[in-house]
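So the numbering used here is basically just the index in the sequence shown, starting at one, shifted up by 1.
To start, the structure itself, in structure tokens.
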Amino acid sequence: MYSELTGTYKLEFVGLSFAIAVISSYTALDLSKRVQLAWKWRGLLWLLGGAIAMGVGIWSMHFVAMLAFELPQPVTYDVWTTLLSLLFAVLASSIALSLLSRSISTPILIGGGICMGIAIASMHYTGMAAMRLQAKLEYDIRLVSLSVIIAIIASFAALWLAFRLKKIKT
């Protein structure tokens with residue numbers, strides 16, 4: 002028989018997570034312009050740098066939000082699993098910046114949204130798997146599936162909006 006752990010949120014960490022998300026979004030949009038304007042190998046360097054910066058921002062927002070949730074028992078994180086979650090965030094960011102740096106079709110936009118959404122969901126659930134605590138984590142497959150679908154839809158919407166904004170500015 003398992004009992005549920007009730008946690009609380011540290012509001013200052015929630016606010017910090019939100020601030021990181023806003024700053025990361027602005028940085029990502031600025032970097033997408035640089036990737037598009039750069040020539041050949043410089044474009045690849047901007048893409049790599051941008052993907053790392055944006056991925057670290059997304060991952061930091063997620064990790065700070067996880068730290069905001071305080072349980073009545075100690076929680077630690079496995080370093081290698083946590084770093085793997087960071088890698089997924091950088092992968093999602095590289096997909097987004099790569100797509101934003103060119104003109105693409107609707108099927109590619111949909112495929113990019115799917116890939117990016119799966120990478121973001123992978124970051125989230127890998128980050129959750131990194132948690133070490135005296136409790137058993139259990140998942141409802143319906144809610145996990147719903148969260149992956151939401152990540153895909155949100156990724157597609159973000160890419161679509163970014164392309165719309167890019168068209169308006171040009």
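Just so it is clear, CB atoms sit at the ideal spot from N, CA and C, and this is done for glycine as well.
Bear in mind that the values here come from a model prediction, so they are computed numbers and not experimental data.
Answer with buried or exposed for residue i, where buried requires no fewer than 16 other C-beta atoms within 10 angstroms of its C-beta.
i	result
GLY8	exposed
ALA158	exposed
ALA90	buried
ALA152	buried
MET2	Its pLDDT being 48, under 50, MET2 is placed unreliably in this model, and the value from its coordinates should be taken loosely. With fewer than 16 other Cβ atoms within 10 Å, it is exposed.
LEU38	exposed
LEU12	exposed
GLY16	exposed
SER106	exposed
ALA20	exposed
LEU45	exposed
LEU98	buried
LEU134	exposed
Taking the alpha carbon of residue i as the reference point, which residue from the options has its own alpha carbon closest?
i	options	result
ALA22	ARG35, VAL36, TRP60	TRP60
SER156	ILE96, LEU45, GLY16, MET62	ILE96
TYR27	LEU49, GLU13, GLY58, LEU38	GLY58
TRP81	LYS41, GLY128, ILE121, GLN74	GLY128
SER94	TYR78, ILE53, ALA122	ILE53
LEU100	LEU48, ILE154, GLU13	LEU48
ILE145	ALA66, LEU160, ARG103, GLY118	The residue you asked about is not Ile; residue 145 is Val in the sequence shown. Here the closest residue by C-alpha is GLY118.
LEU88	ILE111, SER123, THR77	SER123
SER104	ALA163, MET55, ALA20	ALA163
ARG165	TYR10, LEU30, SER18	LEU30
ALA130	GLY114, GLY112, THR83	THR83
What does residue i pair with, by DSSP beta-bridge criteria?
i	result
THR9	GLU71
TYR78	MET132
Within its chain, find whatever has a CB closer than 7 Å to the CB of residue i; leave out the 5 residues flanking it on each side and keep chain order.
i	result
ILE121	ALA93, ALA152, SER156
HIS63	MET124, HIS125, GLY128
Shorter than 7 Å, the distance from the beta carbon of residue i to the closest heavy atom of the ligand FMN, or not?
i	result
LEU92	What this structure holds is no ligand at all, so the ligand FMN is not there to describe.
Once the 5 residues before and after residue i are set aside, which same chain residues still bring their CB inside 8 Å of it?
i	result
ALA66	PHE14, VAL15, SER18
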